[in-house]
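A.B. asks: Going by the numbering used here, 301 is the number at position 229 of the sequence shown; the sequence numbering is gapless. Ideal Cβ positions, reconstructed from N, Cα and C, are used throughout, including at glycine. What you are looking at is a predicted structure, and each value in this text was computed from that prediction instead of being measured.
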Amino acid sequence: MQRDTLVFDLINQELERQRHGIELIASENFTSLQVMQAMGGVMTNKYAEGYPGRRYYAGCEIVDQTEQLAIDRLKQIFNVEYANVQPHSGAQANAAIALAVLQPGDVTLGLDLSMGGHLTHGSPVNYSGKLYNAHFYGVVKETGLIDYEMLESQARTLKPKLIICGASAYSRDWDYKRIRAVADEVGALVWADIAHPAGLIAKGLLNSPFEYCHFVSSTTHKTLRGPRGGVIMMGKDFENPFGLKDNKGNVRMMSSLIDLAVFPGIQGGPLQHVIAAKAIAFGEILTDEFLIYQQQVQKNAQAMAKAFVEKEYNIISGGTDNHLMLIDLRNKNISGKKAEQALVKADITANKNMVPFDDKSAFITSGIRFGVAAVTTRGMVESDMQFVVNAIDRVLLNAESEYEIATVKKQVNEFMEQFKLYPEL
Ligand code: DSN
73 MQRDTLVFDL INQELERQRH GIELIASENF TSLQVMQAMG GVMTNKYAEG
123 YPGRRYYAGC EIVDQTEQLA IDRLKQIFNV EYANVQPHSG AQANAAIALA
173 VLQPGDVTLG LDLSMGGHLT HGSPVNYSGK LYNAHFYGVV KETGLIDYEM
223 LESQARTLKP KLIICGASAY SRDWDYKRIR AVADEVGALV WADIAHPAGL
273 IAKGLLNSPF EYCHFVSSTT HKTLRGPRGG VIMMGKDFEN PFGLKDNKGN
323 VRMMSSLIDL AVFPGIQGGP LQHVIAAKAI AFGEILTDEF LIYQQQVQKN
373 AQAMAKAFVE KEYNIISGGT DNHLMLIDLR NKNISGKKAE QALVKADITA
423 NKNMVPFDDK SAFITSGIRF GVAAVTTRGM VESDMQFVVN AIDRVLLNAE
473 SEYEIATVKK QVNEFMEQFK LYPEL
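1. What are the boundary residues of the beta strand (DSSP E) that His207 is part of?
2. Cβ-heavy atom distance between Gly162 and the ligand DSN below 8 Å?
3. Would you say the beta carbon of Leu296 is closer than 8 Å to some non-hydrogen atom of the ligand SAH?
4. Apart from the five residues just before and just after Ser195, which ones in its own chain have a Cβ nearer than 6 Å to its Cβ?
5. Considering only residues of the same chain and omitting the five flanking positions on each side of Gln140, which have a CB-CB separation below 6 Å?
6. Beta carbon of Pro232, beta carbon of Thr180: below 9 Å?
7. Please name the residue or residues paired with Lys202 in a DSSP beta bridge.
8. Ignoring anything shorter than 3 residues or poking outside the stretch 356-416, list the beta strand (DSSP E) runs there in chain order.
9. Confirm the yes/no value for this check: CB of Ser20, any heavy atom of the ligand DSN, distance under 8 Å.
10. Short of 8 Å in beta carbon distance, which residues of its chain neighbour Val381, apart from the five on each side in sequence? Order them along the chain.
11. Taking the Cβ atom as the reference point for each residue, do Gly238 and Leu183 lie within a distance shorter than 9 Å?
12. When DSSP labels each residue in this structure, what does Leu296 get in the three-state scheme?
13. Pull up the DSSP beta-bridge partners for Glu311, would you.
14. Among Ala142, Leu497 and Glu153, whose alpha-carbon lies nearest the alpha-carbon of Pro159?
15. Can you give the Cα-Cα distance for Gln367 and Ala377, rounded to whole angstroms?
16. Using only CA atoms, which one of Met222, Lys249 and Ala264 lies nearest to Thr498?
17. Does DSSP put Lys317 in a helix, in a strand, or in coil?
18. Is Thr103 near the ligand DSN, with its Cβ less than 8 Å from a heavy atom?
19. Within a Cβ cutoff of 6 Å, which residues of the same chain sit near Gly302, ignoring the five residues on either side of it in sequence?
20. Below 8 Å on the Cβ atoms is my contact criterion, and I expect Gly298 with Val107 to pass it. Report the Cβ-Cβ distance as a whole number of Å.
21. Would you mind working out which of Ala253, Glu486 and His268 sits nearest Val262, comparing C-alpha positions?
22. In or out: Thr103 buried (at least 16 other Cβ within 10 Å) or exposed?
23. Can you tell me which residues form a DSSP beta bridge with Phe287?
24. Under 5 Å, CB to any heavy atom of the ligand DSN. Which residues pass, going along the chain?
25. What's the C-alpha gap between Val197 and Gly189?
26. Which residue comes first and which comes last in the beta strand (DSSP E) that contains Phe442?
27. Using 9 Å as the threshold, is the C-beta distance between Ala351 and Gln458 below it?
28. Just to confirm, is the Cβ distance from Ser327 to Asp309 under 9 Å?
29. Take Lys492 as the anchor and find which of Gln90, Leu78 and Arg75 has the nearest alpha-carbon.
30. From this set, Met325, Ala446, Ala274 and Glu88, which residue's C-alpha is nearest Lys147's C-alpha?
31. Measure the Cβ-Cβ separation of Ala471 and Ala414 and say whether it is below 9 Å.
32. Touch check for the stretch 467-482 and the stretch 401-412: three-plus C-beta pairs under 8 Å?
33. Can you find a C-beta in chain C that's less than 9 Å from the C-beta of Thr229?
34. Taking Asn485 as the reference, which of Lys432, Asp419, Ala434 and Tyr475 has the closest Cα?
35. Three or more C-beta pairs closer than 8 Å, one from the stretch 432-441 and one from the stretch 345-362: is that the case here?
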């Protein structure tokens, strides 16, 4: 078959874009070469509906072993009793938890998308807001911190079946114990979506949700630095308290209900090449090297936040505990959209983001979100954050000047030469 040079040329152009730019999208990272190689390998050819040892197809003896390795390593990383590594993405993991726990019309309580939450936590444009009766809590206007009092009073009034914690644009740690206390009071289950800070939690640098949250979902490609995908975990398996039944009318342990919700509930054949890559990434996470990486992520985020504050940027909540920060640009007289567009011209990639109590639409926004997981993988340390913040500041102050932006782009490309990316490719 003739090689498709058109597509491979584009893949090479993408590699060069990643090499030359400063990647600050908080949900992105760079996998190891071995993780990528597994994703491009022969396991993509295999159908394996079902679970290890219980498949609907023949010839699964080998993929059974990679999937079991991924499960065992993930359980070891977070010291949990149950793990499902089949969700194709974080959104799929979240859909499976909802399917296992909720009936259409049930009440849920999650962080508002416009306050840093996620689409799958009840947004009206998502299945989670269309199928379920979704309600929200927010952050305190003055501090930018989760409004636990609002969460508690909403929970007491609405009596949700499921309380959702976790965020896409929140830079502080969570008080899972406090959320569980009100959940127990009102008879709700608690689900933590740790897609963003999972890598920091894995290495003990942030609070662990497992003691207090019945379900935990995550993506595997953000701070966990694995392939694009999702996982579901439970610290302890338990009999489902609402007496939910499977399709044969049997009350089952939650682990069985989650397994059934992933397959056959919302997915068909698992992506065995991605599951093999997850197993490799989870092996990497178990090393001491990964602890050093996560410590550097936290140090870099704090150094970046400090440099922004020194330049009078308004970081929501005043700083960061994790790998990201959300900046309100209103005192800089530039919208999130305009900032994103100007930065990308200088080969700095970040995403516009609504800030709490934003007066602009989700397409324009008053904010921008920065994360340091990817640049830390490239090898940047605290002292490099000053260059990065100086470059961003110069672009935002001169967003209409093609000359200034071109000058910063040249500096960025020269700066990134020292941080090698996939030298083998
Ligand atoms: N889109 C991801 C993020 O950027 O945070 C969440 O799904």
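C.D. replies: Let me lay it out:
1. Locating residue 207 in the sequence shown gives position 135, counting from the first residue. Start and end: Asn205 to Tyr209.
2. In the sequence shown, counting from the first residue as 1, residue 162 sits at position 90. Yes - the ligand DSN has a heavy atom lying nearer than 8 Å to the Cβ of Gly162.
3. As far as ligands go, the structure on display features the ligand DSN and does not contain the ligand SAH.
4. As a first step, residue 195 must be located in the sequence shown, where it is residue number 123. Leu185 and Gly201, listed in sequence order.
5. As a working mapping, residue 140 is identified with position 68 in the sequence shown. Here the set comprises Pro124.
6. For the purposes of this step, residue 232 is identified with residue 160 of the sequence shown, where counting begins at 1. For the purposes of this step, residue 180 is identified with residue 108 of the sequence shown, where counting begins at 1. Contact: yes.
7. To locate residue 202, count along the sequence shown from 1; it is residue 130. DSSP, once it has assigned bridges, lists no residue as partnering Lys202.
8. 396-400
9. Residue 20 lies beyond the range of the chain shown here (73 to 497); nothing can be said about it.
10. Residue mapping note: residue 381 aligns to position 309 of the sequence shown, counting from 1. Correct list, in chain order: Ile387, Gly390 and Gly391.
11. The residue labelled residue 238 in the question sits at position 166 within the sequence shown. The residue labelled residue 183 in the question sits at position 111 within the sequence shown. Yes, they are a contact pair.
12. One-based indexing of the sequence shown puts residue 296 at position 224. Note: Leu296 maps to coil in three-state DSSP.
13. Within the sequence shown, residue 311 is the residue found at index 239, counting from 1. Glu311 pairs with Met325.
14. The residue you call residue 159 lines up with position 87 of the sequence shown. With distances taken between Cα atoms, Pro159 lies closest to Ala142.
15. Against the sequence shown, residue 367 aligns to sequence position 295. Against the sequence shown, residue 377 aligns to sequence position 305. For Gln367 and Ala377, the distance between alpha carbons rounds to 16 Å.
16. Residue 498 falls outside the range modelled here, since the chain spans only 73 to 497, and no answer is possible.
17. Counting from one through the sequence shown, the residue named residue 317 turns up at place 245. Three-state DSSP puts Lys317 in a strand.
18. Start at 1 with the first residue of the sequence shown, and residue 103 comes out as number 31. Every heavy atom of the ligand DSN is 8 Å or more from the Cβ of Thr103, so no.
19. Counting from 1 along the sequence shown, the entry for residue 302 is found at position 230. Closer than 6 Å at Cβ, skipping near neighbours: Pro159, Ser161, Gly162, Gln164, Ala165 and Thr291.
20. The residue you call residue 298 lines up with position 226 of the sequence shown. The residue you call residue 107 lines up with position 35 of the sequence shown. Confirmed, about 6 Å.
21. To locate residue 262, count along the sequence shown from 1; it is residue 190. Checking every option, the nearest Cα to that of Val262 belongs to Ala253.
22. Your numbering for residue 103 matches position 31 in the sequence shown. So Thr103 counts as buried.
23. Mapped onto the sequence shown, residue 287 falls at position 215. Per DSSP, Trp263.
24. Ser99 and Ser240
25. Your numbering for residue 197 matches position 125 in the sequence shown. Your numbering for residue 189 matches position 117 in the sequence shown. Roughly 14 Å separates the two Cα atoms.
26. In the sequence shown, residue 442 corresponds to position 370, counting from 1. Run containing Phe442: Gly439 to Gly443, per the beta strand (DSSP E) assignment.
27. The residue labelled residue 351 in the question sits at position 279 within the sequence shown. The residue labelled residue 458 in the question sits at position 386 within the sequence shown. Result no, Cβ atoms of Ala351 and Gln458 do not sit closer than 9 Å.
28. As a first step, residue 327 is located in the sequence shown; it is residue number 255 there, counting from the start. As a first step, residue 309 is located in the sequence shown; it is residue number 237 there, counting from the start. Their beta carbons are under 9 Å apart, which means Ser327 touches Asp309 by this criterion.
29. By 1-based counting over the sequence shown, the position of residue 492 is 420. Residue Gln90 is the option with its Cα nearest to Lys492.
30. For the purposes of this step, residue 147 is identified with residue 75 of the sequence shown, where counting begins at 1. Answer by Cα proximity: Ala274.
31. Your numbering for residue 471 matches position 399 in the sequence shown. Your numbering for residue 414 matches position 342 in the sequence shown. Result yes, Cβ atoms of Ala471 and Ala414 sit closer than 9 Å.
32. yes
33. No chain C is present in this structure, which holds just one protein chain.
34. The sequence position of residue 485 within the sequence shown is 413, counting from 1. Minimum Cα distance to Asn485 is reached at Asp419.
35. no
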